[in-house]
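> Numbering (our numbering), first residue to last: 29 to 272.
After the structure tokens below, expect a handful of questions from me.
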Amino acid sequence: MVPARYSREAARQPGDNAATMKSVVADPSAYDWEGDAPLRRPSARTIIYEMHVRGFTRHPSSGVAEAKRGTYAGLIEKIPYLRDLGVTAVELLPVFQFDAQDCPPGRVNYWGYAPVSFFAPHQAYSSRQDALGPLDEFRDMVKALHRAGLEIILDVVFNHTAEGDENGPTVCFRGLENRAYYILEPDRARYANYSGTGNTLNANHPLVRRLILDSLRYWVAQMHVDGFRFDLASILARDPWGRP
29 MVPARYSREA
39 ARQPGDNAAT
49 MKSVVADPSA
59 YDWEGDAPLR
69 RPSARTIIYE
79 MHVRGFTRHP
89 SSGVAEAKRG
99 TYAGLIEKIP
109 YLRDLGVTAV
119 ELLPVFQFDA
129 QDCPPGRVNY
139 WGYAPVSFFA
149 PHQAYSSRQD
159 ALGPLDEFRD
169 MVKALHRAGL
179 EIILDVVFNH
189 TAEGDENGPT
199 VCFRGLENRA
209 YYILEPDRAR
219 YANYSGTGNT
229 LNANHPLVRR
239 LILDSLRYWV
249 AQMHVDGFRF
259 DLASILARDP
269 WGRP
């Protein structure tokens, strides 16, 4: 099953889901933002704390309740600590839904630089696993950060996906329109690998450019994110033939 390009959430049952994969329609519009609004702090007055959502509270020394360690909810519990540090913004390492199995056998992808969806918050970072759990828990985190005067910035990965090279798995765009979504070598059988991950997203194709812009708009308008850090941003300027 190939996820829809604009899927807002990803979820699964434990174990092998190959025979039972389904799409579910959920209404996220009922969420109450309670008047939340952008803080719009000038960059000259911004002090950024970069963090990994799981790593920030995963260890018992974080003081976070065990059920919430390594989650968006766990981050909420550490807001007083962040305020004591004097920072004004948190920058989260990748939180787009990513392939946790994009790693050597026996290991788990920790960093998240293997996206499969540009709209869904990573499901494993949520303490809630109901239909809207990850989505609502992420928004709860944003709302709590804003109430504390902290902005939220996302480290976004638009230069490649988890599909690897031409021998990699088909988990997202390859199964939709391979020639549009990726920069290919002249023989059209292999991927150009400017990212070092096996593939390079064709960011200047109109279809892909619109997808990226729609993703950015979504995270700002619907998830109330304040800003972005672009991973390997120079790759996004390459034309369909890979030229800078």
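C-beta: ideal position from N, C-alpha, C; glycine also.
When the Cα atoms are used, what is the spatial distance from residue 232 to residue 113?
Residue 232 sits at position 204 when you count from the first residue of the sequence shown. Residue 113 sits at position 85 when you count from the first residue of the sequence shown. Cα to Cα, the separation comes out at about 40 Å.
> Grouping DSSP H, G and I as helix and E and B as strand, with all else coil, what is residue 201?
The residue given as residue 201 occupies position 173 in the sequence shown. Residue 201 falls in the coil class under three-state DSSP.
> With H, G and I counted as helix, E and B as strand and the rest as coil, what does DSSP make of residue 259?
Translated into positions along the sequence shown, residue 259 becomes position 231. It is coil, neither helix nor strand.
> Please say whether residue 125 and residue 87 have beta carbons closer to each other than 7 Å?
Here residue 87 refers to the residue found at position 59 of the sequence shown. Here residue 125 refers to the residue found at position 97 of the sequence shown. No, they are not a contact pair.
> Given 8 Å as the limit, is there contact between the region 151 to 159 and the region 98 to 107, that is, 3 or more CB pairs closer than that?
Short answer: they touch.
> Looking at residue 147: is its Cβ nearer than 7 Å to the Cβ of residue 246?
Counting from one through the sequence shown, the residue named residue 147 turns up at place 119. Counting from one through the sequence shown, the residue named residue 246 turns up at place 218. Yes, they are a contact pair.
> Compare the C-alpha of residue 192 against each of 228, 217 and 67 and name the closest.
Working through the sequence shown from its first residue, we reach residue 192 at position 164. Out of 228, 217 and 67, 228 has the C-alpha closest to the C-alpha of residue 192.
> Between residue 144 and residue 122, what straight-line distance do the alpha-carbon atoms span, to the nearest angstrom?
As a working mapping, residue 144 is identified with position 116 in the sequence shown. As a working mapping, residue 122 is identified with position 94 in the sequence shown. Near 12 Å, if we compare the C-alpha coordinates of residue 122 and residue 144.
> So, is residue 236 buried or exposed, given that buried needs 16 or more other C-beta atoms within 10 angstroms?
On the sequence shown, residue 236 is found 208 positions in, with the first residue counted as 1. By the neighbour-count rule (16 or more Cβ atoms within 10 Å), residue 236 is buried.
> Between the region 169 to 179 and the region 214 to 223, are three or more C-beta pairs nearer than 8 Å?
Not touching, per the Cβ criterion.
> If you run the structure through DSSP and keep just helix, strand and coil, what is residue 162?
Position 134 of the sequence shown, counting from 1, holds the residue named residue 162. Residue state, collapsed to three classes: helix.
> What number of angstroms, rounded off, separates the C-alpha of residue 200 from the C-alpha of residue 226?
To locate residue 200, count along the sequence shown from 1; it is residue 172. To locate residue 226, count along the sequence shown from 1; it is residue 198. The straight-line gap from Cα to Cα measures roughly 15 Å.
> Which residue wins for smallest C-alpha separation from residue 269, given the options 260, 243, 218 and 253?
Taking the sequence shown and counting its residues from 1, the one referred to as residue 269 is at position 241. When only C-alpha atoms are compared, the closest one is 218.
> Please name the residue or residues paired with residue 118 in a DSSP beta bridge.
Start at 1 with the first residue of the sequence shown, and residue 118 comes out as number 90. DSSP lists 77 and 180 as partners of residue 118.
> By Cβ distance, which residues of its chain are closer than 7 Å to residue 59, with the 5 residues on each side in sequence left out?
As a working mapping, residue 59 is identified with position 31 in the sequence shown. So the qualifying residues of the chain are 164 and 167.
> CA-CA distance, residue 211 and residue 196?
As a first step, residue 211 must be located in the sequence shown, where it is residue number 183. As a first step, residue 196 must be located in the sequence shown, where it is residue number 168. Approximately 15 Å, taken between the alpha carbons.
> The alpha helix (DSSP H) with residue 238 in it runs from where to where?
Position 210 of the sequence shown, counted from the first residue, corresponds to residue 238. 234 to 249 is the span of the alpha helix (DSSP H), which, as asked, contains residue 238.
> Output needed for residue 202: all residues of its chain with C-beta closer than 6 Å, excluding positions within five of it in sequence on either side, in chain order.
Against the sequence shown, residue 202 aligns to sequence position 174. Hits under 6 Å: 191.
> Short of 6 Å in beta carbon distance, which residues of its chain neighbour residue 173, apart from the five on each side in sequence? Order them along the chain.
Within the sequence shown, the letter at position 145 stands for residue 173. 180, listed in sequence order.
> State buried or exposed for residue 271, treating a residue as buried only when at least 16 other CB atoms are found within 10 Å of its CB.
Here residue 271 is taken as the residue at index 243 of the sequence shown, counted from 1. With fewer than 16 Cβ atoms within 10 Å of its Cβ, residue 271 is classed as exposed.
> Per the contact definition of three or more C-beta pairs closer than 8 Å, is the region 252 to 259 in contact with the region 61 to 68?
Verdict: yes, contact present.
> Would DSSP call residue 67 helix, strand or coil?
Translated into positions along the sequence shown, residue 67 becomes position 39. Three-state result, residue 67: coil.
> Would a C-beta distance cut-off of 7 Å place residue 10 and residue 105 closer than the cut-off?
Nothing in the structure corresponds to residue 10, since the chain is present only between 29 and 272.
> Measuring alpha carbon to alpha carbon, tell me which of 161, 81, 198 and 170 ends up nearest residue 130.
By one-based count along the sequence shown, residue 130 stands at place 102. Selected option, being the one with the closest Cα: 198.
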